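First up is the structure itself, then whatever we jot down about it.
Residue numbers (this note's numbering): 3 to 348.
Put into structure tokens, the structure is as follows:
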């Protein structure tokens, strides 16, 4: 392959269209259309070619758009119709099998699939795509397929609850490629759309660094934030004279604690530890601390490392033994959590 290969992304949305999705059907179209709009914009900005495939599944699996240029995509309004059961495993098998037949000549090709479902598998064994399979055999078939996928394939699934997560793990989905969404409300679906956008951002920025696939698209833990990904993202470490780490000993507002520790408060100059799930606005900076050395890495690439798009999204901290994520605060009364640390830029 010559050095000037263009990046070609094949992004697939595999959408549950079973009867239980009917109360969300308008929102599904809206969220999918927003995702496609976002993909089009980022493809132009990052100079990557993106081709979109859309499957819908209920009793059977149907490909409604195949490998179409993202800049020429129609709305899904006419294409998404609900009704029937949930052939989830058949949807995973069919989408990946058919996409694998896509030509990968001339270019650096990468495949990213998101499956969105609001319920458990209950129809694949009757599905024309998997006619003779018993449920157990279907699980094994999906598991084997995922195991065999090349490193330029990323398969992720959004499920409605812990039981769905367990089932997805039994099917071989990497645990950091499984996210739980609230399937009871349009708000939940809106947030699922943000999660997909965040994962897509991480994927597309990763492509520019030579990363071809991921088994941690939904993670902020050790799979996503480690020495290798920090280096690949191009983060720079600060000179230790540029910052100080202040232990937080009790519940306190950020400005009050900084002054109590003998420093002047400056808006935007302090970063709190991400210790619970919360919304991070588009302009907030991110810093990453290596626990062993107290070395701090930051820069615009830190947002990309977490896949933060240029809109507000909810982020939850995942377990990481080696690194801690810090978020810039612009408020004077943000409550600090005891037993965390505060990163103060000097």
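Where a beta carbon is used, it is the ideal one built from N, C-alpha and C, also for glycine. A quick note: this is a predicted structure, and the numbers were derived from the prediction, not measured.
- A Cβ-Cβ contact shorter than 7 angstroms links residue 237 with residue 303.
- Spanning the alpha carbons of residue 135 and residue 271 requires a straight line of approximately 59 angstroms.
- Note on residue 241: under 16 other CB atoms within 10 angstroms of its CB, so exposed under the neighbour-count rule.
- Check the Cα spacing between residue 190 and each of 23, 325, 294 and 176: the tightest is with 23.
- Looking at the DSSP output, residue 55 shares a beta bridge with 14.
- The Cβ neighbour count for residue 157, taken over all protein chains shown within 10 Å, is at least 16; the residue is labelled buried.
- According to the DSSP assignment, residue 175 belongs to no alpha helix (DSSP H), since it is labelled neither H nor E.
- Unbroken alpha helix (DSSP H) stretches of 4 residues or longer found wholly inside the stretch 144-205: 164-172, given in chain order.
- Under the 10 Å beta carbon count, residue 206 is surrounded by 16 or more other beta carbons and is classified as buried.
- The alpha-carbon separation between residue 295 and residue 319 amounts to approximately 20 angstroms.
- Between the C-alpha atoms of residue 57 and residue 14 there is a straight-line separation of about 8 angstroms.
- Nearest C-alpha to residue 345 among 102, 329 and 211: 329.
- Per DSSP, reduced to three states, the secondary structure at residue 239 is strand.
- Bridge pairing for residue 245: 347 [DSSP].
- Spatial neighbours of residue 309 in its own chain (CB-CB distance under 7 angstroms, excluding positions within 5 residues in sequence) are listed in chain order as 200, 201, 203 and 204.
- Between residue 300 and the set 311, 117 and 288, the nearest pair of CA atoms involves 288.
- With respect to the 7 angstroms criterion, residue 124 and residue 214 are not classified as neighbours on the basis of their beta carbons.
- Bridge pairing for residue 38: absent [DSSP].
- With at least 16 other beta carbons inside 10 angstroms of its own, residue 315 counts as buried.
- Each residue's CA atom was taken as its position, placing residue 30 and residue 261 some 48 angstroms apart.
- Contact check for residue 98 and residue 115: beta-carbon distance about 7 angstroms, within the 8 angstroms limit, so the pair qualifies.
- Looking at the DSSP output, residue 71 bridges to 53.
- For residue 98, the enclosing alpha helix (DSSP H) begins and ends at 90-101.
- Annotation note: the stretch 303-339 contains the following uninterrupted beta strand (DSSP E) runs of length 3 or greater, listed N- to C-terminal: 315-317 and 325-331.
- Distance from residue 16 to residue 93 at the Cβ level is roughly 5 angstroms; contact confirmed, criterion being Cβ atoms closer than 8 angstroms.
- DSSP, reduced to helix, strand and coil, places residue 142 within a helical segment of the structure shown.
- Contact between residue 127 and residue 107 is absent: CB atoms are separated by about 37 angstroms, not below the 8 angstroms threshold.
- Per DSSP, reduced to three states, the secondary structure at residue 297 is strand.
- Where residue 261 is concerned, the enclosing alpha helix (DSSP H) starts and stops at 256-262.
- Taken through DSSP and simplified to helix, strand or coil, residue 125 comes out as coil.
- Counting only the Cα atoms, residue 341 lies some 43 angstroms from residue 50.
- The closest CA to that of residue 258, considering only 338, 21 and 218, is found on 338.
- Rounded to whole angstroms, the Cβ separation of residue 55 and residue 69 is 5 angstroms, and the two are in contact under 8 angstroms.
- Taking C-beta separations shorter than 6 angstroms and ignoring five residues to either side along the sequence, the partners of residue 44 in its chain run 206, following chain order.
- Taking residue 76 as the centre and dropping the five residues before and after it, the same chain places the C-beta of 67 closer than 8 angstroms to its C-beta, in chain order.
- Here the alpha carbon of residue 8 sits roughly 14 angstroms from the alpha carbon of residue 208.
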